[in-house]
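Chemist: Okay, handing you the structure first.
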Amino acid sequence: MRLLVLLLLVWQALGEVNKPRPVPPVILVPGDGGSQMEAKLDKPAVVHYVCAKKTDSWFDLWLNMESLIPGFIDCWIDNMRLVYDNTTRTTKNSPGVMTRVPGFGSTSTVEWLDPSHHYPTSYFYDVVEAMVTGSLGYVRDFTVRGAPYDFRKAPNEQQNYFKALKHMTESMYNAVGYRVVYLLHSMGGPMIWYFLANQPQSWKDKYVEGVISMAGAWGGSVKAVKVYTAGDNLGIYLINPRSIREEQRSATSLAFLLPSPDLWKEDEVLVQTPKKNYTTSNFKDLFEALNLPDAYDMYLDTKNLLKDAPPPGVDLYCLYGHGIYTVDKLVYQEGNFPDKPELSYGDGDGTVNLRSAKVCESFASKQRRKVHAKAFPVMEHMAILKDVDSILYVLETLTNITEKNEEAAAKALAEEREKNMQCETSENLLKGKQ
Ligand SMILES: *[C@@H]1O[C@H](CO)[C@@H](O)[C@H](O)[C@H]1NC(C)=O
Ligand SMILES: *[C@@H]1O[C@H](CO)[C@@H](O)[C@H](O)[C@H]1NC(C)=O
Ligand SMILES: *[C@@H]1O[C@H](CO)[C@@H](O)[C@H](O)[C@H]1NC(C)=O
C-alpha cells in the first residue's frame, strides 16, 4: 500500500513542472493521543520502586513504547494522569510532574508520535509526505504546519491552545497570502468545531478556507463509554486496555468525547446490565455505579460545550470511513460489570460511530459556506490517514482550492493590468492635449 502511494506521488511529481503554486496553507490538528508529550519529574512519591522520582531533563512521555511495557506502565500512568479539582473545575498534572507539548508550528511531532520515528507510530506522516512530494509542492513548517495540543484536556481547558492556533492561522495567512485549511483527525473535529464556533464569521471569512475532516468524531463515540467501563486503547496502540483505563478516566477529553444526547436518544441503551440500563440521559447513575465522581463532574463541565453551537461556518470536507464493526452497546451478564462486557456493534470506522461522523455533513443545511462529504467503505479510523484513496482525495481537495486561488490571482492580475492600462490611456490623452 505504501509503495503504491509512493509510486503515485513520484508519477505526479514528474508530470508537472516544479513551480510554486498558490496552495492554501494547511494546519494539522490531531486527535486524542495524536500529539507528543514530554515530562520532567520531581515527585514527592512514586507508585513503585522501579519508577523514577526525579529527572534532570525532559523525557518522552507520549509516545514512548518502552514506558508502556508491563512493570513500567504503572509509573507511566502516575506521570500521565490528571488530577481534578472539583472547586476550580480544572485539572492539573499529578504532583511533581511537569509536562509540555513539543513542536507547535512544526509538523514533525504530529507526523510521528514516537520521536524515534519507528513504524507503526507514524501519524500524519503519509498525508504530509503526499502533500510535499506531489505536484502541490507543500513545504514542511512553512505551508504545512502542525498544531499539537495536550489531548488529555477538553476545549474548556484549551484557552491558550486556541489563542496560539488563532495566531498561527493569521500568521500563515499573512505569510502565504491565501486562506488556511485545517486538516484534522478524530477529536480534532469537535476541537475545531468548538474553536470556530467561538470566532466571528468575519474572521473566518477572512482567514479560513475550510476544514478537511478525516474521521472526525463530531458527535462523540460509544467507545468513550467503553473506556470508562471496560477500558479501551482507542484504536491507537496495542496496549492492554484495562491497564491504561485509570489514566484515561482522568482525562477531561474523554468526558468530552462521550456520545452526544443529540445523536443518542434517551431510549437508546448504551450499557445494559441485569438490574439497570444506561443511556445518555442517566450518565450520572453510570458514573455512580463506576464510583467515578470526578469523571461525572468532568462530564458536567464538558457536556454543553457544543450544545446548540453554531455550525463551523467554513467550507467543510468530511472524509469518513464506514463498514467496520464499531461498538454501539455494552451488554453485561450478572457479575461482569464493568470489566467484561459483551459488545454489540453498529456501523462506523471501528472507533467513531457512523452517526457521529455524519454530523460533519449535516452542517450543509445550517451554514452558508459549502459542505462536501466523502464516505469510504470499509475504512478504519486510523487507516484513513494512510490509505491511497483517502490521501488522493485530500490532494484533490487541496488541488481544487489551489486552482481556485490561481483563478483569483489571474483575475486580480488582469484587473490590475486593466487599471494600469486605463491610467496609461488617460495619461496619453493628457499628453496628447498638451
Ligand atoms: C469534591 O470532591 C471531594 C472528594 O472526592 C468530595 O468529598 C466533595 O464533596 C466534592 N465537592 C464538591 C463541591 O463536589
Ligand atoms: C434494558 O434494555 C433491554 C433492551 O435494550 C430490555 O430488554 C431490558 O428489559 C432493560 N432492562 C432494564 C432493567 O430496564
Ligand atoms: C474537484 O473539482 C472537480 C471539478 O470541479 C470536481 O468534480 C471534484 O469533485 C472536486 N474534488 C473534490 C475532492 O472536491
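Per mature numbering (1 follows the signal peptide of the UniProt record, and there is no 0), the sequence shown runs over residues -15 to -1, 1 to 419. Cβ atoms here follow ideal geometry from the backbone N, Cα and C, with glycine treated the same way.
#1: Please give me, in chain order, every unbroken run of the alpha helix (DSSP H) with length at least 4 that falls completely inside the region 80 to 149.
#2: If I'm right that threonine 75 touches glutamate 142 with Cβ under 8 Å, what's the distance once you round it to whole angstroms?
#3: Using a strict less-than 5 Å threshold between each residue's beta carbon and the heavy atoms of ligand 3, what residues do you get?
#4: Would you give the residue range spanned by the alpha helix (DSSP H) that tryptophan 249 belongs to?
#5: Pull up the CB-CB distance for glycine 18 and phenylalanine 136, whole angstroms please, since I reckon it's below 8 Å.
#6: Would you check if the distance between the CB atom of isoleucine 376 and the CB atom of proline 9 is smaller than 7 Å?
#7: Could you check the C-alpha separation between serine 156 and phenylalanine 147 for me, to the nearest Å?
#8: Beta-carbon within less than 6 Å of leucine 398's beta-carbon, same chain only, minus the 5 sequence neighbours each way: which residues are those?
#9: I need the DSSP call for tryptophan 61, collapsed to helix, strand or coil.
#10: What do you reckon, are the CB atoms on histidine 366 and aspartate 334 nearer than 7 Å?
#11: With C-beta atoms as the reference, is leucine 168 less than 7 Å away from valine 11?
#12: Would you tell me roughly how many angstroms separate the C-alpha atoms of arginine 121 and leucine 380, rounded to the nearest one?
#13: Residues in its own chain within less than 7 Å of arginine 354 by CB, not counting five upstream and five downstream?
#14: Any heavy atom of ligand 1 closer than 6 Å to the CB of asparagine 71?
#15: Starting from the N-terminal side, write out each stretch of the alpha helix (DSSP H) that is 4 residues or longer and does not extend beyond the region 174 to 248.
#16: Can you name, in chain order, every residue of its own chain whose Cβ lies under 7 Å from the Cβ of methionine 50, other than the five neighbours on each side?
#17: Pull up the distance between the alpha-carbon of leucine 239 and that of alanine 280, whole angstroms please.
#18: Taking 8 Å as the limit between beta carbons, can you name the residues of its chain near proline 133, skipping five residues before and five after?
#19: Is it buried or exposed for aspartate 63, if we count other Cβ within 10 angstroms and need 16 for buried?
#20: Classify tyrosine 34: buried if its beta carbon has 16 or more other beta carbons within 10 angstroms, exposed otherwise.
#21: Is glutamine 257 near ligand 2 - that is, is its Cβ less than 6 Å away from at least one heavy atom of it?
#22: Going by CA-CA distance only, name the one from Lys404, Ala182 and Gly81 that's closest to alanine 30.
#23: Tell me whether asparagine 338 sits in a helix, a strand or coil according to DSSP, three-state version.
#24: My assumption, with CB atoms under 8 Å, is that leucine 48 sits in contact with methionine 199. Please give the rounded CB distance.
#25: Based on the DSSP secondary-structure assignment, which residues constitute the bridge partners of glutamine 257?
#26: May I ask you to report which of helix, strand or coil DSSP gives cysteine 408?
#27: Beta carbon of threonine 237, beta carbon of methionine 283: below 7 Å?
#28: Is it true that the CB of glycine 205 sits closer than 7 Å to the CB of proline 259?
#29: Does DSSP classify cysteine 345 as helix, strand or coil?
#30: Whole angstroms is fine: what's the gap from aspartate 27's alpha carbon to serine 52's?
#31: Buried or exposed for aspartate 313, going by 16 or more other Cβ atoms inside 10 Å?
#32: Just the Cα atoms here: how many angstroms apart are tyrosine 310 and glutamate 391?
#33: Any heavy atom of ligand 2 closer than 6 Å to the CB of valine 379?
#34: Can you list, in chain order, the residues of its chain whose CB lies under 6 Å from that of arginine 230, leaving out five sequence neighbours each side?
#35: For isoleucine 197 and lysine 38, I'd like the C-alpha separation in whole angstroms.
Modeler: On the basis of the supplied data:
#1: 93 to 96 and 110 to 118
#2: Here the question's residue 75 lines up with position 90 in the sequence shown. Here the question's residue 142 lines up with position 157 in the sequence shown. Going by Cβ atoms, the distance from threonine 75 to glutamate 142 rounds to 6 Å, so yes, they are a contact pair.
#3: Glu381, Thr382 and Asn385
#4: Numbered from 1 along the sequence shown, position 264 holds the residue referred to as residue 249. Premise fails: tryptophan 249 is in no alpha helix (DSSP H) and is neither H nor E.
#5: Mapped onto the sequence shown, residue 18 falls at position 33. Mapped onto the sequence shown, residue 136 falls at position 151. Yes, glycine 18 and phenylalanine 136 are in contact; Cβ-Cβ is about 6 Å, under 8 Å.
#6: In the sequence shown, residue 376 corresponds to position 391, counting from 1. In the sequence shown, residue 9 corresponds to position 24, counting from 1. Going by C-beta atoms, isoleucine 376 is not nearer than 7 Å to proline 9.
#7: Here the question's residue 156 lines up with position 171 in the sequence shown. Here the question's residue 147 lines up with position 162 in the sequence shown. For serine 156 and phenylalanine 147, the distance between alpha carbons rounds to 14 Å.
#8: For this step, residue 398 is matched to residue 413 along the sequence shown. Contacts found: none.
#9: Indexing the sequence shown from 1 puts residue 61 at position 76. Of the three classes helix, strand and coil, the one that applies to tryptophan 61 here is helix, per DSSP.
#10: The sequence position of residue 366 within the sequence shown is 381, counting from 1. The sequence position of residue 334 within the sequence shown is 349, counting from 1. Yes, the pair counts as a contact, with Cβ atoms nearer than the cut-off.
#11: Taking the sequence shown and counting its residues from 1, one reaches residue 168 at position 183. Taking the sequence shown and counting its residues from 1, one reaches residue 11 at position 26. The answer is yes: Cβ separation under 7 Å.
#12: Indexing the sequence shown from 1 puts residue 121 at position 136. Indexing the sequence shown from 1 puts residue 380 at position 395. Before going on, a small fix: residue 121 reads as leucine here, not arginine. Answer to the nearest angstrom: the Cα atoms are 8 Å apart.
#13: The sequence position of residue 354 within the sequence shown is 369, counting from 1. The residues are Gly298, Val299 and Asp300.
#14: Residue 71 sits at position 86 when you count from the first residue of the sequence shown. Result yes, Cβ under 6 Å from ligand 1.
#15: 186 to 192, 207 to 214, 226 to 234 and 237 to 241
#16: By 1-based counting over the sequence shown, the position of residue 50 is 65. Asp99.
#17: For this step, residue 239 is matched to residue 254 along the sequence shown. For this step, residue 280 is matched to residue 295 along the sequence shown. Approximately 9 Å, taken between the alpha carbons.
#18: If you number the sequence shown from 1, residue 133 lands on position 148. Excluding positions up to five away in sequence, the list reads Pro15, Gly19, Ser20, Gln21, Val86, Pro87, Gly88, Phe89, Thr94 and Val95.
#19: For the purposes of this step, residue 63 is taken as the residue at position 78 of the sequence shown. Buried, since its Cβ has 16 or more Cβ neighbours within 10 Å.
#20: Here residue 34 is taken as the residue at index 49 of the sequence shown, counted from 1. Flag for tyrosine 34 reads exposed.
#21: By one-based count along the sequence shown, residue 257 stands at place 272. Flag set: Cβ of glutamine 257 near ligand 2.
#22: The residue labelled residue 30 in the question sits at position 45 within the sequence shown. Checking every option, the nearest Cα to that of alanine 30 belongs to Gly81.
#23: Counting from 1 along the sequence shown, the entry for residue 338 is found at position 353. Strand.
#24: One-based indexing of the sequence shown puts residue 48 at position 63. One-based indexing of the sequence shown puts residue 199 at position 214. Contact flag wrong, Cβ pair sits at about 19 Å.
#25: Mapped onto the sequence shown, residue 257 falls at position 272. Glutamine 257 is bridged to Asn262 and Val316.
#26: Looking up residue 408 in the sequence shown gives position 423. Note: cysteine 408 maps to helix in three-state DSSP.
#27: Translated into the one-based positions of the sequence shown, residue 237 becomes position 252. Translated into the one-based positions of the sequence shown, residue 283 becomes position 298. Going by C-beta atoms, threonine 237 is nearer than 7 Å to methionine 283.
#28: Taking the sequence shown and counting its residues from 1, the one referred to as residue 259 is at position 274. Taking the sequence shown and counting its residues from 1, the one referred to as residue 205 is at position 220. Against a cut-off of 7 Å, the Cβ pair of glycine 205 and proline 259 comes out as no contact.
#29: Sequence index remark: in the sequence shown, residue 345 carries index 360 (1-based). It is helical.
#30: Numbered from its first residue, the sequence shown carries residue 27 at position 42. Numbered from its first residue, the sequence shown carries residue 52 at position 67. Here the C-alpha atom of aspartate 27 lies approximately 18 Å from the C-alpha atom of serine 52.
#31: In the sequence shown, counting from the first residue as 1, residue 313 sits at position 328. Counting Cβ neighbours within 10 Å, aspartate 313 comes out buried, since at least 16 surround it.
#32: Start at 1 with the first residue of the sequence shown, and residue 310 comes out as number 325. Start at 1 with the first residue of the sequence shown, and residue 391 comes out as number 406. Rounded to whole angstroms, tyrosine 310 and glutamate 391 show a C-alpha spacing of 42 Å.
#33: Translated into the one-based positions of the sequence shown, residue 379 becomes position 394. Between ligand 2 and the CB of valine 379, the shortest heavy atom gap is not smaller than 6 Å.
#34: Translated into positions along the sequence shown, residue 230 becomes position 245. Same-chain partners within the cutoff: Gly216.
#35: What you label residue 197 is simply residue 212 of the sequence shown in a count that begins at 1. What you label residue 38 is simply residue 53 of the sequence shown in a count that begins at 1. Their backbone Cα atoms lie some 42 Å apart in a straight line.
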